[in-house]
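Enquirer: If you scroll down you'll find the structure; I have some questions about it.
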């Protein structure tokens, strides 16, 4: 295992973090930093009804996560629980300056991003976010649509109310359209990423070339939703070697590629375990590649399936 190198900091180049006693931060292209482990409020915490009534379970879970050191909080207007996230932030009592808050816009038809952003700030109970993302590109009918919306994002960045701006679920063509006309480049793209969805066709390499960081949601997929595949054996073997769980190996696999990992849990013991053990081991380059190689033997996509053919691995 490697030792911490003084002054080293991961960035969008994909260079693996060194072993350390803490979860590292990744430096974005605009100079801001993002914690490499985030607590997400999507998936199981997604609200589909009763939007006018606070869900105390979501609030309690999020307060518990914050109090266990999860200061990177990943939300979105589409999750329907920004008010719960805002309540949890207020109740947890952690100074705003210590938190890294991500919000996302759905780019609703007939509504400006400014309108959506102002509404999100009010629900969150904050006057700025650390990162604001366009949640997906699939609403766009043309490259010009993406470019117009990105200009709206840039205005919010210019106002100082979003310290960094980026995208989510973008493919290469969406990024290329945005980069053609942008003043502020997207600093990050949050995508579904795990060994069974490594985005063939050079998407990850394109991010490295352009200095755009990557964040992975659903990094535990090969251990949870897609368990029973070719990776089970290697996850167990590597977990035993380091004295950790297969889930921690899955998260570390992302971090060791310089990719931010977004995950969630309502289990305090599990959250504590991630925060305690993830900094204490580091996969070797061979282990990272072995997991990647075996992962390519299976294809599994958990989200946005309607936008892709079944065998589309982009």
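In the working numbering, the protein residues as written are 3 to 316. Positions of the beta carbon are idealized from the N, C-alpha and C atoms, including for glycine.
Should residue 76 go down as buried or exposed, given a rule of 16 or more other Cβ atoms within 10 Å for buried?
Expert: buried
Enquirer: Taking all protein chains shown into account, do 16 or more other C-beta atoms lie within 10 angstroms of the C-beta of residue 102, making it buried, or fewer, making it exposed?
Expert: buried
Enquirer: Which word fits residue 303, buried or exposed, when buried means at least 16 other C-beta atoms lie within 10 angstroms of its C-beta?
Expert: Classification of residue 303: buried, given that the 10 Å Cβ count is 16 or more.
Enquirer: To the nearest angstrom, report how far apart residue 12 and residue 51 are at their CA atoms.
Expert: 40 Å
Enquirer: Indicate the three-state DSSP secondary structure (helix, strand or coil) for residue 16 in the structure shown.
Expert: coil
Enquirer: By Cβ distance, which residues of its chain are closer than 8 Å to residue 82, with the 5 residues on each side in sequence left out?
Expert: 48, 49, 50 and 53
Enquirer: What is the DSSP secondary structure of residue 76, reduced to helix, strand or coil?
Expert: strand
Enquirer: For residue 129, which of helix, strand or coil comes out of DSSP?
Expert: coil
Enquirer: Going by Cα to Cα distance, which pick from 190, 92 and 182 is closest to residue 1?
Expert: Nothing about residue 1 can be read from this structure; the chain reaches only from 3 to 316.
Enquirer: When you compare only the Cα positions, how much space is there between residue 182 and residue 85?
Expert: 36 Å
Enquirer: With a threshold of 8 Å, are at least 3 pairs of Cβ atoms found where one atom belongs to the stretch 184-201 and the other to the stretch 27-44?
Expert: yes
Enquirer: Does DSSP classify residue 299 as helix, strand or coil?
Expert: coil
Enquirer: State yes or no: is the C-beta of residue 200 nearer than 7 Å to some heavy atom of the ligand SAM?
Expert: As far as ligands go, the structure on display features none, and thus does not contain the ligand SAM.
Enquirer: How long is the line joining the alpha carbons of residue 205 and residue 301, rounded to whole angstroms?
Expert: 16 Å
Enquirer: Decide if the stretch 245-260 is in contact with the stretch 279-293; the criterion is three or more beta carbon pairs, one per stretch, under 8 Å apart.
Expert: yes
Enquirer: Return the first residue and the last residue of the alpha helix (DSSP H) that residue 156 is part of.
Expert: From DSSP, the alpha helix (DSSP H) with residue 156 extends over 145-161.
Enquirer: On the criterion of 16 or more Cβ atoms from any shown chain inside 10 Å, does residue 312 qualify as buried, or is it exposed?
Expert: exposed
Enquirer: In this structure, what does DSSP give as the bridge partners for residue 35?
Expert: Beta-bridge pairing links residue 35 to 29.
Enquirer: Among 256, 17, 56 and 72, whose alpha-carbon lies nearest the alpha-carbon of residue 268?
Expert: When 256, 17, 56 and 72 are compared, the shortest CA-CA separation from residue 268 is found for 72.
Enquirer: Rounded to whole angstroms, what's the CA-CA distance from residue 291 to residue 194? Just pull it up for me.
Expert: 19 Å
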